[in-house]
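Residue numbers (this note's numbering), protein chains in the order written: chain A, 259 to 512; chain V, 259 to 512.
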């Protein structure tokens with residue numbers, strides 16, 4: 259049980275760090291309590307603990323330093339502070355509505371209207387916070403076809419030469435000259451996760467999804483950062499193609 | 259070159275049969291010429307011919323009795339003659355707008371409006387002909403989420419216990435008590451194709467798709483019929499998830 263305890267404490271430490279950091283920065287209203295450990299993290303601890311109590315060898319998934327979470331990213335945008343002010347008024351800041359799995363990341367209460375090249379629109383495009391140094395809209399291919407965009411597949415932040423769009427908020431318009439992409443499916447990894455899987459940043463892995471629409475995504479881009487928690491991001495086309503549900507079996511393969 | 263000639267003639271024979279059949283049945287106006295051989299069929303013949311001329315062994319794809327075509331099925335419906343008359347008026351028949359790859363199958367000029375459970379609608383839902391003995395609406399999961407349906411994954415024709423919907427046409431409404439499905443990805447095979455791949459009706463195969471969004475569909479349902487041409491049907495979520503283009507490499511695996 260010792261390692262179970264250590265693991266638990268580590269998470270509580272992280273949460274305390276997180277809370278302190280928010281207080282110190284004071285960048286946005288504390289409208290939400292700090293995020294609790296995700297169900298999948300607790301399951302991982304319980305699974306390890308049970309195997310150890312039974313004196314049985316841990317299966318490979320339980321040997322991994324962290325549990326694997328696969329999340330579907332619906333269409334959304336990342337904005338600069340200047341874009342937020344143009345859209346929502348001088349001094350406006352994003353308000354956290356829901357904490358995401360990656361540290362400090364949140365879905366904001368604020369949304370914008372995206373106006374595409376044929377004057378077709380997507381209403382209520384969610385903004386993810388905190389603000390970044392780059393404006394980026396992430397659409398699934400189904401969204402981009404509906405809007406009339408020819409949107410390339412890119413890694414986040416790599417927006418040179420991509421199409422732009424017009425955003426509309428309650429305070430006015432903001433024109434993006436570029437930055438509309440289809441985000442390539444990717445996995446966020448802590449260096450411990452990358453070491454366990456034998457991969458490095460920039461590699462590709464496979465994500466095997468089971469269930470009635472079993473699908474393997476053969477080019478999952480690997481991102482590694484000490485701040486990252488192990489999480490795969492796929493878009494709504496990919497998530498709906500494999501009919502991903504909370505209990506769908508998932509596996510990372512090299 | 260002998261087998262090339264035979265292969266070609268076989269296709270011409272089929273087209274002549276097809277034309278005759280249409281004349282004899284006279285079930286719908288001959289608004290379109292009979293379908294020409296698909297580009298992929300001609301490429302298959304050329305590839306075989308070139309390998310033979312060069313005296314080289316045929317690669318496995320060229321040894322296959324037929325070329326592999328993967329087509330994306332956008333949302334659509336199949337209707338009974340009674341439903342067509344209710345929607346388009348007494349005596350109304352479907353008019354072919356575009357021939358599909360499978361024999362006698364066509365996209366009709368006629369479309370309907372689908373009204374979902376939350377009064378959300380999909381306009382211009384294409385009808386595929388000819389009429390069937392069963393009404394069935396096939397949606398991608400993205401469509402069904404947008405409409406507010408909880409749509410199960412089913413094989414075509416297996417509609418017991420599925421949700422219904424209301425259809426609207428220029429002559430009136432037609433209520434379906436059941437029949438809204440997400441069609442499971444499947445492959446149509448001639449018995450020669452099934453024999454070549456070592457599978458039988460009801461088995462599952464894998465479809466490996468290459469390119470920048472390389473994806474493997476691990477549960478492709480096998481359908482076999484002497485009338486079938488080798489063709490995989492995936493829906494728009496699946497097609498957009500793997501970013502399928504006309505030149506994307508595809509492979510059937512057992």
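In this text, a Cβ means the ideal position worked out from N, Cα and C, and glycines have one as well.
Apply the 10 Å Cβ neighbour rule to residue i and answer buried if 16 or more other Cβ atoms are within range, or exposed otherwise.
i, result
"residue 419(A)", "exposed"
"residue 412(V)", "buried"
"residue 283(A)", "For residue 283(A), the pLDDT reaches just 36, beneath the cut-off of 50, and the residue's location in the model is therefore unreliable, leaving the point undetermined."
"residue 308(A)", "exposed"
"residue 503(A)", "exposed"
"residue 435(A)", "exposed"
"residue 379(V)", "exposed"
"residue 348(V)", "exposed"
"residue 456(V)", "exposed"
"residue 408(V)", "exposed"
"residue 281(A)", "Residue placement at residue 281(A) cannot be trusted, given a pLDDT of 33 that sits under 50; what the coordinates show is reported in the next sentence. That one is exposed."
"residue 475(A)", "buried"
"residue 451(A)", "buried"
"residue 304(V)", "exposed"
"residue 497(A)", "buried"
"residue 312(A)", "exposed"
"residue 431(V)", "exposed"
"residue 345(A)", "buried"
"residue 299(V)", "buried"
"residue 499(V)", "buried"
Which residues bound the beta strand (DSSP E) around residue i?
i, result
"residue 446(A)", "444–447"
"residue 371(A)", "364–373"
"residue 318(A)", "From DSSP, residue 318(A) is part of no beta strand (DSSP E) but of the alpha helix (DSSP H) over 318–321."
"residue 336(A)", "334–336"
"residue 205(V)", "In this structure chain V extends from 259 to 512, so residue 205(V) is not present and cannot be described."
"residue 354(A)", "354–357"
"residue 477(A)", "473–482"
Looking at the C-beta of residue i, does it have a partner C-beta in chain A at a distance below 7 Å?
i, result
"residue 286(V)", "In this prediction, residue 286(V) has a pLDDT of 46, which is less than 50 and means its spatial position is unreliable; what the coordinates show is noted afterwards. For residue 286(V), the answer is no, since every Cβ of chain A falls outside 7 Å of its Cβ."
"residue 399(V)", "yes"
"residue 509(V)", "no"
"residue 470(V)", "yes"
"residue 411(V)", "yes"
Along the chain, where does the alpha helix (DSSP H) containing residue i start, and where does it finish?
i, result
"residue 331(A)", "It is not in any alpha helix (DSSP H) - residue 331(A) instead sits in the beta strand (DSSP E) that spans 327–331."
"residue 314(V)", "Careful: residue 314(V) lies outside any alpha helix (DSSP H) and carries neither H nor E."
"residue 494(A)", "494–499"
"residue 343(A)", "339–346"
Any beta carbon from chain V within less than 7 Å of residue i's own beta carbon?
i, result
"residue 301(A)", "no"
"residue 407(A)", "no"
"residue 475(A)", "yes"
"residue 496(A)", "yes"
"residue 404(A)", "no"
"residue 459(A)", "no"
"residue 499(A)", "yes"
How about residue i and residue j: are their beta carbons less than 7 Å apart?
i, j, result
"residue 332(A)", "residue 506(A)", "no"
"residue 369(V)", "residue 392(V)", "no"
"residue 466(V)", "residue 359(V)", "no"
"residue 350(V)", "residue 356(V)", "no"
"residue 508(V)", "residue 326(V)", "yes"
"residue 342(A)", "residue 490(A)", "no"
"residue 414(A)", "residue 441(A)", "yes"
"residue 463(A)", "residue 480(A)", "yes"
"residue 446(A)", "residue 386(A)", "no"
"residue 322(V)", "residue 306(V)", "no"
"residue 478(V)", "residue 449(V)", "no"
"residue 361(V)", "residue 485(V)", "yes"
"residue 395(A)", "residue 422(A)", "no"
"residue 338(V)", "residue 389(V)", "yes"
Item to complete: Can you check the region 386–464 of chain A for any beta strand (DSSP E) of at least 3 residues that lies completely inside it and give the ranges in chain order?
Response: 394–396, 423–427, 430–434, 438–441 and 444–447
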